[in-house]
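**Student:** One structure follows; several queries about it will come next.
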């Protein structure tokens, strides 16, 4: 089953920025999600002033999301 990673970042504008990434494998590890989030903060491809990851979730259609 396909999963979705939802990353919520703090920004310099003090407004949360949410990013949904579909197609994650169920066995995606916490370390992989943290590395992806750190890559987003380091390179900030959307130029929104991402400061740090504030929350991450791994979701699928049949289970409740859980926070990482």
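Numbering (our numbering), first residue to last: 757 to 824.
The beta carbon of each residue, even a glycine, is placed where N, CA and C say it ideally should be.
Computed from a predicted model, the values in this text were never measured in an experiment.
Grab the span of the alpha helix (DSSP H) containing residue 788 for me, first residue to last.
**Tutor:** Residue 788 -> alpha helix (DSSP H) spans 786-799.
**Student:** In terms of DSSP beta bridges, what is residue 765 paired with?
**Tutor:** DSSP lists 773 and 809 as partners of residue 765.
**Student:** Considering only their Cβ atoms, is the gap separating residue 764 from residue 811 smaller than 8 Å?
**Tutor:** The answer is yes: Cβ separation under 8 Å.
**Student:** Can you grab the Cα-Cα spacing for the pair residue 761 / residue 786, in whole Å?
**Tutor:** Whole-angstrom Cα-Cα distance: 11 Å.
**Student:** If you draw a straight line from the alpha carbon of residue 779 to that of residue 814, how long is it in whole angstroms?
**Tutor:** So the alpha carbons of these two residues sit roughly 11 Å apart.
**Student:** With DSSP run on the structure shown, which of helix, strand or coil describes residue 803?
**Tutor:** If DSSP states are grouped into helix, strand and coil, residue 803 belongs with coil.
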